[in-house]
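So the sequence shown is numbered by the working numbering: it starts at 45 and just counts up by one. The next block holds one structure in the form of C-alpha cells; read it before the comments.
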Amino acid sequence: MGSDPDGGTRPPALSIDHTIVSGDTLYALARHYGSSVEILMELNGVADVRQLTTGTVLRVPIDSETASRLEIERFIERSETRLRSARFEAALESADAARVLLDALPDSSQRKSRVRLEIVSATVHVALGDRDAALSSLRRAIQADPDLALDPAVVSPKVLRVFHAAREPIPSTP
Numbered sequence: 045m046g047s048d049p050d051g052g053t054r055p056p057a058l059s060i061d062h063t064i065v066s067g068d069t070l071y072a073l074a075r076h077y078g079s080s081v082e083i084l085m086e087l088n089g090v091a092d093v094r095q096l097t098t099g100t101v102l103r104v105p106i107d108s109e110t111a112s113r114l115e116i117e118r119f120i121e122r123s124e125t126r127l128r129s130a131r132f133e134a135a136l137e138s139a140d141a142a143r144v145l146l147d148a149l150p151d152s153s154q155r156k157s158r159v160r161l162e163i164v165s166a167t168v169h170v171a172l173g174d175r176d177a178a179l180s181s182l183r184r185a186i187q188a189d190p191d192l193a194l195d196p197a198v199v200s201p202k203v204l205r206v207f208h209a210a211r212e213p214i215p216s217t218p
C-alpha cells in the first residue's frame, strides 16, 4: 500500500466496503479478508477500535485470491438460494460459475467451499434425476474432504443414497 502525494494512505488497487455488524471485530475482519488490524485501522483512519459501531463502513484491502474467494462464496450462496426455491437450472449455473473460479485456485486453499459447492450441486442433480452428475459432484466433495459425513437430519435420503454410492470404489473398466 502506498501513499498519496499529500502523505495519506492510498486505497489499495482491490478493496471492498464492509459494513460493521454486531459482533464484528477488527481482528476477525482482518483474518477473514487476509489483512491486518493495523492496515484496517490506518486505511480507515481509526485511532481507537471503540470508534467502530454497527453500521460503520470500512474499506478493506483484498488481494486477487481473496477477491476470487469472496466471488466464489457469492456464487455458492446464490446456488443455495436457488436450490431452496427449486430453481434448479439457475442453481447449477451459479454452481458452475463457482466451480470455474475454484478450479483456478490452489486445491487446499478452498476445501470447505469445494465441499459446500459440490453438495449443493449434487443435491440439484438428484432433484433433476441426474444420478451420474450427482455422483461426480459428491466424489469431488469426498476428494476435498475424505472424512466428509452428511447429516441425515438435514440431507434428503435420496442424496444420502447417492453419497454412500460415491464412497464406493469406482468400478474399473476391462
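Where is the CB? At the ideal position from N, CA and C, for every residue including glycine. These numbers come from a predicted model, not from an experiment.
Asked	Found
Would you kindly work out how many angstroms separate the C-alpha atoms of Val101 and Val90, rounded to a whole number?	11 Å
The alpha helix (DSSP H) spanning Asp176 covers which residue range?	Arg175 to Ala188
So Ile64 and Thr98 are in contact, right, with Cβ under 8 Å, and what is the actual spacing, rounded?	6 Å
If we count the other Cβ atoms within 10 Å of its Cβ and call it buried at 16 or more, is Ala166 buried or exposed?	buried
Return yes when the Cβ of Leu87 is within less than 7 Å of the Cβ of Arg113, no when it is not.	no
CA-CA distance, Leu179 and Ala134?	20 Å
Excluding the 5 residues preceding and the 5 following Ser200 in the sequence, name in chain order all residues of the same chain whose CB lies nearer than 6 Å to its CB.	none
Give the DSSP-derived three-state secondary structure of Ser59 in the structure shown.	strand
Taking Ala72 and Leu84 to be in contact with their CB atoms under 8 Å, please state how far apart those CB atoms are, rounded to whole angstroms.	Incorrect: roughly 11 Å between the Cβ atoms, too far for contact.
Are Ser138 and Pro105 touching if we call contact CB-CB under 7 Å?	no
Mapping DSSP to helix, strand and coil, what is Leu127?	helix
From Leu58 to Leu146, what distance separates their C-alpha atoms?	19 Å
For Leu102, which beta-bridge partners are listed by DSSP?	His62
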